[in-house]
Each structure stands twice: as structure tokens, then as C-alpha cells.
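> Pasting a structure below so you can have a look.
Numbering (this note's numbering), first residue to last: 28 to 156.
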């Protein structure tokens, strides 16, 4: 794939990741949706953590979307997703639909960044030159 194709594919993956995180995770937390309180309770988290978790997630996403801080944002978001996965493991949620969902999102996020960042591709090449 040429560099222009990789760049645009990376941008599309990044946009899809960002839209999903905003719509499915950040917005309900910031809006105080009842589904957030119900989900946090089921997972053993105090319900008042919803807003804080939403703000942390939004901060990680903003860092990820800004080119100068995208790697920092991806690293922080990876930690956030790891915590979510650990919570799912702790409560015994289904493996492929819940426990591994953070891996799926992380691969999407890092894949988008890898495709749009030449320096990251040089650091983590698919194969040695």
C-alpha cells in the first residue's frame, strides 16, 4: 500500500475509533446516563465514578487525536482499556464479547495511529528492511 493509502486508511480507522469512543462511552458518562450507573454497579464500581471516568477517557482521546501528543494519548488510552479489561475479568464477564473488547479497541486505535504515523511505523516495522 502506498503512503497516501496508508495515511487515509489510518485516518479512517482513527475517526471510527474516536466516534465510537465518544458516542458509546464518553457521551453517556458525561451526560450521566442511567445505563452508566447500572453498568458501574454491576461491575462493582461506585456510580459516582462515571463522570470522572468519562473525563479521563475524553482527555486520553483528545491527546490521541492531536498529532503532537497522539502516542501519549494512545499509551494512556491503552492503560484505560487495560483497566476496563481487568474489571471485566474480575467479574467473570464473557471472554470474547467483554473481556477482550479492550484488545479489539486497542488494536483499532494503534492500527490507525501506526498507519498514519511514519515514525511509529519505523519504530515498529512489520518486517525488517
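The C-beta atom is built at its ideal place from N, Cα and C for all residues, glycine as well. Computed from a predicted structure; not experimentally measured.
1) Quick one: complete alpha helix (DSSP H) runs, 4+ long, within the segment 88-134?
2) Report the three-state DSSP secondary structure of residue 64 (helix, strand or coil).
3) Cutting at 6 Å between CB atoms, please list the residues of its own chain near residue 41, excluding the five before and the five after it.
4) Tell me the rounded alpha-carbon separation between residue 94 and residue 147.
5) Go ahead and label residue 52 buried or exposed: buried means 16 or more other beta carbons lie within 10 angstroms of its beta carbon, across all protein chains shown.
For this structure:
1) Assignment of alpha helix (DSSP H) within the segment 88-134, counting only whole runs of 4 or more residues, yields 97-118 in chain order.
2) helix
3) 139
4) Rounded to whole angstroms, the gap between the alpha carbons of residue 94 and residue 147 is 12 Å.
5) Under this definition residue 52 is a buried residue.
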